[in-house]
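Residue 54 in my numbering sits at position 54 of the sequence shown, with consecutive numbering throughout.
From the three backbone atoms N, C-alpha and C, an ideal C-beta is built for every residue, glycine too.
Some notes on the structure that comes next.
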Amino acid sequence: MSEFEQGGPRARFAGIRQDYAQAVQAEEVSIEQGAVAQLEADAVSMEQSAVAAMRAERATLRDSAAAVVATKSAALDRTYVGVLASPVVRGEVHTWFDLRTAFAVGLGLAVGTFALSLGRGLLRSLLR
1 MSEFEQGGPR ARFAGIRQDY AQAVQAEEVS IEQGAVAQLE ADAVSMEQSA
51 VAAMRAERAT LRDSAAAVVA TKSAALDRTY VGVLASPVVR GEVHTWFDLR
101 TAFAVGLGLA VGTFALSLGR GLLRSLLR
């Protein structure tokens, strides 16, 4: 376990290099070749690292992987993310589910539901 694990008040800076931390809370976080289970910060910089769940204002990830990322602005280069929630994304990122996908799925479900209810209504009116 890393010495940077936080359980109390938020630290100003946390740096992790070739180490693992269960939970990190800080204003600024820098991770190089490390792993973090839960991360909360204003600014995050990661390189060749992994994170399970991250919430940040700004995030920069290079050659990294993340399961869930929620941020206002993300710069992602050669990064894999399972679920990405960010209105501003720059760089080369591979996601399984992001805001555009969520919008498309939601829109598809809404249009499909409307079309089915319209079809049922027309069918009922024809059978009367």
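List the DSSP bridge partners of residue i.
i, result
"T101", "T101 pairs with nothing; no bridge assigned."
"R58", "A43, S73"
"A65", "A50, Y80"
Count the other CB atoms, across all protein chains shown, that sit within 10 Å of the CB of residue i; report buried if there are 16 or more and exposed otherwise.
i, result
"S125", "exposed"
"S117", "exposed"
"L109", "exposed"
Answer yes or no: does any C-beta atom of chain C fall closer than 8 Å to that of residue i?
i, result
"R120", "Looking for chain C here will not work: only one protein chain is present."
*Can you list, in chain order, the stretches of the beta strand (DSSP E) that have 3 or more residues and sit fully within the segment 73-127?*
79-85, 88-90, 93-98
*Determine, using beta-carbon pairs with one atom in the segment 25-43 and one in the segment 52-67, whether at least three such pairs fall under 8 Å.*
yes
*Please list the segments of the beta strand (DSSP E) lying wholly inside the segment 12-56, counting only runs of 3 or more residues, in order along the chain.*
20-32, 35-47
*Three CB pairs or more closer than 8 Å across the segment 112-123 and the segment 83-99*: no
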